[in-house]
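Here's the structure we're looking at; comments come further down.
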Amino acid sequence: FTANTMACISEAIGLALTNSAMPPAVNTEERKIYAEKSGKAVMNLIEKNIRPRDIVTQDSLVNAARVVAATGGSTNAALHLPAIANEAGIKFTLRDVTEIYNSTPYIGDMAPGGKYVAKDLYDVGGVPIVIKSLIDGGYINGDCMTVTGKTIGQNHQEIIFPTNQDVVYKCDQPISTNSSVVGLWGNLAENGCISKIAGLKNLNFKGKAKCFDSEEKALEAVLKNEIVSGDAVIIRYEGPIGGPGMREMLSTTGAIYGQGLGESVALITDGRFSGGTRGFCIGHVGPEAAVGGMIGLLENGDEIIIDAIKGEINVSLTEKEILDRKKKWKPRKTNHNSGSIWKYAQTVGPAHEGAVTQPGAKNETHTYADI
Numbered sequence: 187f188t189a190n191t192m193a194c195i196s197e198a199i200g201l202a203l204t205n206s207a208m209p210p211a212v213n214t215e216e217r218k219i220y221a222e223k224s225g226k227a228v229m230n231l232i233e234k235n236i237r238p239r240d241i242v243t244q245d246s247l248v249n250a251a252r253v254v255a256a257t258g259g260s261t262n263a264a265l266h267l268p269a270i271a272n273e274a275g276i277k278f279t280l281r282d283v284t285e286i287y288n289s290t291p292y293i294g295d296m297a298p299g300g301k302y303v304a305k306d307l308y309d310v311g312g313v314p315i316v317i318k319s320l321i322d323g324g325y326i327n328g329d330c331m332t333v334t335g336k337t338i339g340q341n342h343q344e345i346i347f348p349t350n351q352d353v354v355y356k357c358d359q360p361i362s363t364n365s366s367v368v369g370l371w372g373n374l375a376e377n378g379c380i381s382k383i384a385g386l387k388n389l390n391f392k393g394k395a396k397c398f399d400s401e402e403k404a405l406e407a408v409l410k411n412e413i414v415s416g417d418a419v420i421i422r423y424e425g426p427i428g429g430p431g432m433r434e435m436l437s438t439t440g441a442i443y444g445q446g447l448g449e450s451v452a453l454i455t456d457g458r459f460s461g462g463t464r465g466f467c468i469g470h471v472g473p474e475a476a477v478g479g480m481i482g483l484l485e486n487g488d489e490i491i492i493d494a495i496k497g498e499i500n501v502s503l504t505e506k507e508i509l510d511r512k513k514k515w516k517p518r519k520t521n522h523n524s525g526s527i528w529k530y531a532q533t534v535g536p537a538h539e540g541a542v543t544q545p546g547a548k549n550e551t552h553t554y555a556d557i
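Printed below as a string of structure tokens:
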């Protein structure tokens, strides 16, 4: 799930104390311990002048992406990691994230693709045993600085990987050598898109498009049993600009899966998905429909072809057919023509760069700590 995934990232990237990401919310004693440890860590960071941008580096972002891939984490990490990188002045896009995913073994048998949940991971050792396995396998750079004032390698030097459990595996004996989250590119997504394939039996799809210009319209069709096996449900104008805000297609995915169509129907959107999504769901399609992306040019009946193994997603149209549709396309009118929502839509960037609304550290001349 997304919250668990981002908690794991906070440890992997070095911004959270070791093993602080997974304690259950009801564990008040653990909270008290980490509250005190956090205060001491902050004072140590101030004394040593270690700042967030000393911790968030290209290498630590790679470490974070490794942990997401290894545990079958939320697709939303592919949006948040580029946004975090932007704040540090680092170029780190969807393609960077998914290339890391593709070279990382799947070692955490975590829901929704696996059989265990966050509490189970905590009980066997938490995020540290995931990181320990990845360090031992050579997938994590142990030299990255963390909020402890030590490197991530030093923080995990004394961690002993537990062998009497099957929640997390060693990298040389993974659940799968293939990533649990993959990026897809093609004429339907020139800027890429992302899908979680953990638990999926079939990684190839060919079907006919059924297009909807909002999640509500798609959900209505699903509830009326108008979606059948082999359909590619297209939900568009739900991207950062088109939504605006890029909301999660949670209701529609749940309805499709509830009707037993999770393995036989593809759901493709320029919006997002919940970290708990199951089935063949593809999100963050870019360019999005609101800016004239291919997803906005699709018509009912178009043949959609997906190969998650090769990382490809295409619509069976010739270049001339695509060009003709682009010439006919016109921006869709919206109901938000003023106010904060309008302002957001004018400033937000594309999903593959984190859907950020400002240029980040690359345009800064100084930080507040320097004043």
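Throughout the sequence shown, residue numbering follows this note's numbering, covering 187 to 557 in sequence. For glycine and all other residues, C-beta sits at the position ideal for the given N, C-alpha and C.
Residue i (DSSP reduced to helix, strand or coil)
i      : result
VAL242 : coil
HIS522 : coil
TYR302 : strand
CYS330 : coil
TYR288 : It should be pointed out that residue 288 corresponds to Asn in this sequence rather than to Tyr. Helix, per DSSP.
ASN341 : helix
LYS336 : coil
LYS382 : strand
VAL212 : coil
ASN190 : helix
LEU453 : strand
GLU197 : helix
SER362 : strand
ASP399 : coil
GLU416 : As written in the sequence, residue 416 is Gly, which differs from the Glu given in the question. Residue state, collapsed to three classes: coil.
ASP488 : coil
ASN390 : strand
ASP295 : coil
TRP528 : helix
Alpha-carbon to alpha-carbon, residue j and residue i
i      : j      : result
LEU509 : VAL534 : 26 angstroms
VAL501 : LYS403 : 22 angstroms
TYR292 : CYS467 : 19 angstroms
GLY312 : ILE345 : 11 angstroms
ASP240 : ILE315 : 24 angstroms
VAL408 : VAL414 : 9 angstroms
ARG422 : GLY393 : 17 angstroms
ASP295 : GLN351 : 11 angstroms
ASP399 : GLN340 : 51 angstroms
GLU222 : VAL303 : 27 angstroms
ALA255 : SER366 : 6 angstroms
THR520 : ILE454 : 22 angstroms
GLY497 : GLY323 : 25 angstroms
VAL368 : GLY440 : 21 angstroms
THR279 : GLY540 : 7 angstroms
PRO536 : PRO426 : 7 angstroms
GLU489 : GLU412 : 18 angstroms
PHE391 : LEU201 : 39 angstroms
VAL471 : ARG281 : 13 angstroms
Residue nearest to residue i in terms of C-alpha spacing, selected from the options
i      : options                        : result
VAL283 : MET296, PRO268, GLU273         : PRO268
MET578 : GLU215, PRO298, ALA274, GLY335 : Here the chain covers residues 187 to 557 and nothing more, so residue 578 does not appear.
VAL419 : GLY431, GLY429, GLU449         : GLU449
GLU197 : LEU307, ASN235, ASN523, ASN249 : ASN249
MET331 : ILE490, PRO238, THR349         : PRO238
THR504 : LEU247, GLY429, GLY372, GLY446 : GLY372
GLY416 : MET192, LEU405, ILE491         : ILE491
GLY300 : LEU389, THR290, VAL477, ILE361 : ILE361
Local Cβ density within 10 Å of residue i, reported as buried at 16 or more and exposed below that
i      : result
PRO560 : No answer is possible for residue 560: the residues shown for the chain start at 187 and end at 557.
GLY487 : exposed
LYS318 : buried
ASP358 : exposed
ARG518 : exposed
HIS552 : exposed
ILE321 : buried
GLU309 : It should be pointed out that residue 309 corresponds to Asp in this sequence rather than to Glu. ASP309 is exposed by the Cβ-count criterion.
THR349 : exposed
PRO298 : buried
Original post:
Can we say the stretch 431 to 438 touches the stretch 459 to 473, given the rule of at least three CB pairs closer than 8 angstroms?
Top reply: The count of Cβ pairs closer than 8 angstroms, one atom from the stretch 431 to 438 and one from the stretch 459 to 473, reaches three, so the stretches are in contact.
Original post:
How do the stretch 249 to 269 and the stretch 374 to 390 stand: do at least 3 beta-carbon pairs fall below 8 angstroms, yes or no?
Top reply: Three or more pairs of CB atoms, one per stretch, sit closer than 8 angstroms, so the stretch 249 to 269 contacts the stretch 374 to 390.
**OP:** Report yes or no: do the stretch 510 to 525 and the stretch 482 to 497 share at least 3 C-beta pairs separated by less than 8 angstroms?
**Re:** Verdict: yes, contact present.
Original post:
Is the number of C-beta pairs between the stretch 202 to 209 and the stretch 248 to 263 that are closer than 8 angstroms three or more?
Top reply: No: fewer than three Cβ pairs fall under 8 angstroms.
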